[in-house]
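Numbering (the numbering used here), first residue to last: 817 to 1305.
In structure tokens:
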């Protein structure tokens, strides 16, 4: 007999642990299991091992709503974050529900049977599990491979080429000349970490700049708040202060982009050597928050440049050479190690393929409901966090909503729910108003959003609190039904 669960959670990272905690607290009668493809929980914070790996959001909001982050360090390293997530799982008995090395490769909804059949690759053997509800919490990128563009002449380079997503544990970079290709969060994190732990010299080679802001590694206000208030009260105060700051600076960026650009470049200029070409190396062609803002805790990147441990080159690559990289300007950079911090490959649902009654569901033809369900996909939800704030803020809201839906269904005798595609009544828009490379490369395969709620993805936590936490479950776009088993003669 096929194993069955009320809820199957896919992924044991931050989103999956949040989903499990909310199910236990709000839907205690529901049986659930977490299927995790890796050997440990933690998701992102278990996968990435490159030097300096850390959060690029403050921990007061990246942390769970239900578990206070008590350290005054607002920006935490990867190990501290993994320990925090692991602790949350163990404290609440969630770890006992996790099955490791279990990758969901397909999920097929049957209208006749009114459940999902999941095909699971378990250590190379395929098994099947059925579920009444599937909750995808596997993040948004491909864990197996990062984005690695083809560089001409790469085979001629006699040094070492590394992608941060697959960092070799035995890489010896002490005293070495290093080029980091890229200007996103990974590059901004890596460069000061390498420069301050023995690298000979580090060059950030970027095609175009990224906006980089600075925040204190240790939050001085949090230090005082933690001293004056009990842990839970301090957590709430710190969390809402950071939420307010995040929402305010994002809205200012969208409404007054020139003002925010001037402020960000001015912040960089004050931390760089006199006469430094800030406009060339830190002045992007786009407006603030068209792409995610990068963070330099205590201005660490600027400090390494100021101290001569690192530099920035803004140019395009002609070809790799035996000793480094030749640029289109004709200049040549020499290196012992080249790190291709060129980004991610976007992937929804952990790479699983969705079917309905045996027919594959084309996600590019569906619409996203409140950013957490898909039209025409019954009894399923997905966590996709914020691009302009901490991922966990949205993860907690999604988990709350799923529990509200499940409890509503139980209270009214329903066993099937799906958002109904609004058709031509709502103007369709791209999945998200966000333009980094990994989004652009995947845009044609992503679901659509709409111009109005509940189909609109607004990327605003306060808006979503009203829409998701306090909005009605039984609204017209969400269709609830009771399964009727065909009568036999």
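C-beta atoms are modelled at their ideal positions from N, C-alpha and C, and glycine is treated no differently. Computed from a prediction, not measured in an experiment: that's the story for all the values here.
Which residue comes first and which comes last in the beta strand (DSSP E) that contains residue i?
i, result
"residue 796", "With the chain covering only 817 through 1305, there is no way to say anything about residue 796."
"residue 936", "931 to 938"
"residue 1231", "Counting along the chain, residue 1231 falls outside any beta strand (DSSP E), and DSSP gives it neither H nor E."
"residue 1142", "1140 to 1143"
"residue 842", "Element bounds for residue 842: not the beta strand (DSSP E) but the alpha helix (DSSP H), 830 to 842."
"residue 861", "It is not in any beta strand (DSSP E) - residue 861 instead sits in the alpha helix (DSSP H) that spans 860 to 863."
Kindly list the residues whose CB is nearer than 8 Å to the CB of residue i, restricted to its own chain and excluding five residues on each side of it in sequence; keep chain order.
i, result
"residue 886", "1042, 1047, 1050, 1051"
"residue 957", "1160, 1161, 1162, 1163, 1254"
Going by DSSP, what residue range makes up the alpha helix (DSSP H) through residue i?
i, result
"residue 808", "Since the first residue shown for the chain is 817 and the last is 1305, residue 808 is missing from the structure and cannot be characterised."
"residue 1067", "1047 to 1071"
"residue 1216", "1207 to 1228"
"residue 1010", "1001 to 1011"
"residue 1038", "1036 to 1044"
"residue 1258", "1253 to 1258"
What does DSSP give as the partner residue(s) for residue i in the beta ladder?
i, result
"residue 1307", "Residue numbering for the chain in the displayed model covers 817 to 1305; residue 1307 lies beyond these limits and cannot be assessed."
"residue 1264", "1183"
"residue 848", "823"
"residue 942", "937"
"residue 1189", "1185"
"residue 1175", "1172"
"residue 1113", "1031"
"residue 996", "1020, 1155"
"residue 1294", "1235"
"residue 925", "932, 1172"
Below 8 Å on the Cβ atoms is my contact criterion, and I expect residue i with residue j to pass it. Report the Cβ-Cβ distance as a whole number of Å.
i, j, result
"residue 940", "residue 1038", "Not really, about 47 Å apart at Cβ, beyond 8 Å."
"residue 1144", "residue 1158", "The pair is not a contact, with the Cβ atoms about 17 Å apart (cut-off 8 Å)."
"residue 1160", "residue 1254", "5 Å"
"residue 858", "residue 920", "Their Cβ separation, rounded to whole angstroms, is 18 Å, which puts residue 858 and residue 920 out of contact at 8 Å."
"residue 830", "residue 1207", "7 Å"
"residue 1137", "residue 1148", "7 Å"
What does the Cβ neighbour count give for residue i, buried or exposed, with the cut at 16 atoms within 10 Å?
i, result
"residue 1264", "buried"
"residue 785", "For residue 785 there is no data in the structure shown, the boundaries of the chain being 817 and 1305."
"residue 999", "buried"
"residue 1024", "exposed"
"residue 906", "exposed"
"residue 1302", "A caution first: residue 1302 carries a pLDDT of 46, below 50, which makes its placement in the model too unreliable to give a value."
"residue 817", "exposed"
"residue 1210", "buried"
"residue 986", "exposed"
"residue 943", "exposed"
Identify, in the order they occur along the chain, each residue of the same chain with its Cβ nearer than 7 Å to the Cβ of residue i, setting aside the five sequence neighbours on each side.
i, result
"residue 888", "1034, 1035, 1038, 1039, 1042"
"residue 1225", "1231, 1233, 1296"
"residue 1096", "1130"
"residue 867", "1006, 1009, 1010, 1013"
"residue 1276", "1063"
Which residues in the same chain as residue i place their Cβ atom closer than 6 Å to its Cβ, once the five residues preceding and following it in sequence are excluded?
i, result
"residue 1172", "925"
"residue 1304", "Note that residue 1304 scores a pLDDT of 42, beneath 50, so its modelled location is shaky and nothing firm can be said."
"residue 851", "826, 915, 918, 920"
"residue 1116", "1008"
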